[in-house]
Amino acid sequence: MSLLKRLRVSAVGGLLALVTLPVLADDLQMWERSGGNAGMVDALVAAWNVKNPDRKINLTYIPHTEMVPKIAQAIASGDVPDLMGMDLIYGPQFEAAGQLIDITDKIKDWPELKTASPGHMAVSTYEGKLYGVPLYADVSALFYNKDLFRKAGLDPEKPPTSLAEIREYADKITALGGDVKGYFLPGNCAGCNIFTVGPLMWASGATIEPKDANDEPLTGDGVKEVLQWTRDMIKAGNVHEDARAETGETFHLRFGSGKIGMMGTGNFNITLAKEQNPNMDFGIALLPGVKAGEVSSFAGGDIVTIPNGSKRVDDAIDFMKFLLSDETQVEVYAKMLNMTTRGDMAENKYFQAEPKVQDVARAIAVAKTPYTLKFFELINSPQGPWLQMLQRAYYEDTDIDTIISEAKAQMKAIAAE
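Count the sequence shown with mature numbering (1 follows the signal peptide of the UniProt record, and there is no 0) and you get residues -25 to -1, 1 to 392, in order.
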């Protein structure tokens, strides 16, 4: 282990003096993206640190918009953390580039993997090799404020089942006035939108990203129908004006403000909304499409991986085993009302006591997880065609067909690179 120097204050002859003492650098360094699951990741690391005082994890959060380029730069320079959490959607991209350590031989026989989240394990696998395990699981759903429903004369037990109904309900909620709005659309966050607007398109029969250079992106009437719907919602005044600047840093705090009637968000908001606004009554439904009965969701979250250059591979593997253990699944994930990352752990005392978790868990059956080697360039880049298309639909008057056509051309060019 490397030796670090640390200054300490020491009493010498009745005087205070600064002395330099060697201290063993036992801490593992872990990077994780910022966002709504910080509280849970903090708890996971804290639980590990209690059990492993001789190899604690020092956790650093990176703004999620900077995470991918920062990781790539660190791997290129060799100055990497010992382990890192990353948006699961980027797994294939880093795996294909040879930037993560192949851990197949170390974990392939773990029984816990048999019930680990299929979407997470799929994107943790490249050409039959394993590179990570689930860190946390998110699914998107429609959260709605029952208190605002009642004030607007809506039935709090009947959430909207189509985009037309969302518009109808949002108009009534916005009409309450003040700082209350019927819906929320994040204006400057590509990831937030694929998580919450993407499912509206999928539920309407559309596809978004191309699988490869020969695949057609942005197909189906649902693309145009949803873009027109979002434009109409914003023009009708159903979205707060400051949503235009939302980069994702405060996205997870929006619903708990109590000022939004409905929004697409994730299961993490169950706990957050209760902490922010304990007296708010809210419900959870599936994200609908154009037609009633059409629903979808984005299966997201993070995987924990080991970058090339890590000097603490065995310790990082032990942390992965810790995450998948029965005790951690129940006493950390479930206790905090976060989704367990193993399906066989979903039946537990904490979930049974909280119906909202059961409500959001229904999204798993209809959720999608895109698998592409160019997710960042196609979808999650702040300068990418996905966000540019949405921003033009939200805030311009340009013909929707033109916007889609130009975004399609950009996606094709990226896929062909």
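Using N, Cα and C, we set each Cβ at its ideal position, and we do this for glycine too.
This one's a predicted model, so the numbers in the text were calculated from it and none came from an experiment.
- Annotation for Gly66: Val98, Ser99 and Ile278 place their beta carbon closer than 6 Å to its own, counting only its chain and skipping 5 residues before and after.
- Lys31 places its beta carbon 8 Å or farther from that of Asp57.
- Along the length of the stretch 253 to 317, whole alpha helix (DSSP H) runs at least 4 residues long occupy 288 to 299, reported in chain order.
- When the Cα atoms are used, Tyr370 and Ile183 turn out to be separated by approximately 20 Å.
- In this chain, the alpha helix (DSSP H) harbouring Pro44 covers Met42 to Ser52.
- Distance from the CA atom of Gln327 to the CA atom of Thr315, rounded to whole angstroms, is 13 Å.
- Judged by pairs of C-beta atoms under 8 Å, the stretch 104 to 120 touches the stretch 338 to 345, as three or more such pairs exist.
- Between Ala188 and Ala391, the beta carbon gap of about 5 Å places them in contact (Cβ cut-off 8 Å).
- Take the alpha-carbon of Glu269 and the one of Gln333: they are about 20 Å apart.
- For Lys156, the pairing in a beta bridge is given by DSSP as Ile235.
- Per DSSP, the continuous alpha helix (DSSP H) segment holding Phe69 begins and ends at Gly66 to Ala71.
- CA-to-CA, the gap between Glu216 and Trp204 works out to about 17 Å.
- Listed in chain order, the alpha helix (DSSP H) elements of length 4 or more contained wholly in the stretch 145 to 201 are 165 to 171 and 173 to 178.
- Inclusion of Asp146 and Ala211 in the CB contact set at 8 Å is warranted, their separation being smaller than that value.
- In this structure, the CA atom of Lys234 is about 34 Å from the CA atom of Gly318.
- Shortest Cα-Cα distance from Pro86 to any of Trp361, Lys383, Met295 and Asn323 involves Met295.
- The beta carbons of Asn120 and Met255 sit closer together than 8 Å.
- Taking C-beta separations shorter than 6 Å and ignoring five residues to either side along the sequence, the partners of Leu123 in its chain run Ile148 and Gly236, following chain order.
- Setting aside the 5 residues that flank it on each side, Gly241 is surrounded in the same chain by Asp113 and Ser115, each with a C-beta closer than 6 Å to its C-beta; the list follows chain order.
- Boundaries for Asp372: no beta strand (DSSP E) harbours it, and the DSSP string shows neither H nor E there.
- Classified as buried, Asp62 has 16 or more neighbouring CB atoms from the shown chains inside 10 Å of its CB.
- Rounded to whole angstroms, the Cβ separation of Phe350 and Asn12 is 19 Å, and the two are not in contact under 8 Å.
- Bridge partners of Pro109 according to DSSP: Ile278.
- Residue pairing from DSSP leaves Glu221 without any beta-bridge partner.
- Excluding residues up to 5 positions away in sequence, Thr90, Asp301, Gln304, Val305, Tyr308 and Ala309 lie with their Cβ nearer than 8 Å to the Cβ of Met320 in the same chain.
- Shortest Cα-Cα distance from Gln251 to any of Leu228, Phe273 and Phe257 involves Leu228.
- Cβ neighbours of Arg206 within its own chain (closer than 8 Å, five residues either side excluded): Ala368, Tyr369 and Ile375.
- In the DSSP assignment, Asp80 falls within the unbroken alpha helix (DSSP H) covering Thr79 to Ile82.
- With contacts defined by Cβ atoms closer than 8 Å, Leu362 and Met386 do not form a contacting pair.
- Around Val20, the same chain offers Ile32 and Leu34 as residues with beta carbons nearer than 6 Å, after the five sequence neighbours per side are excluded.
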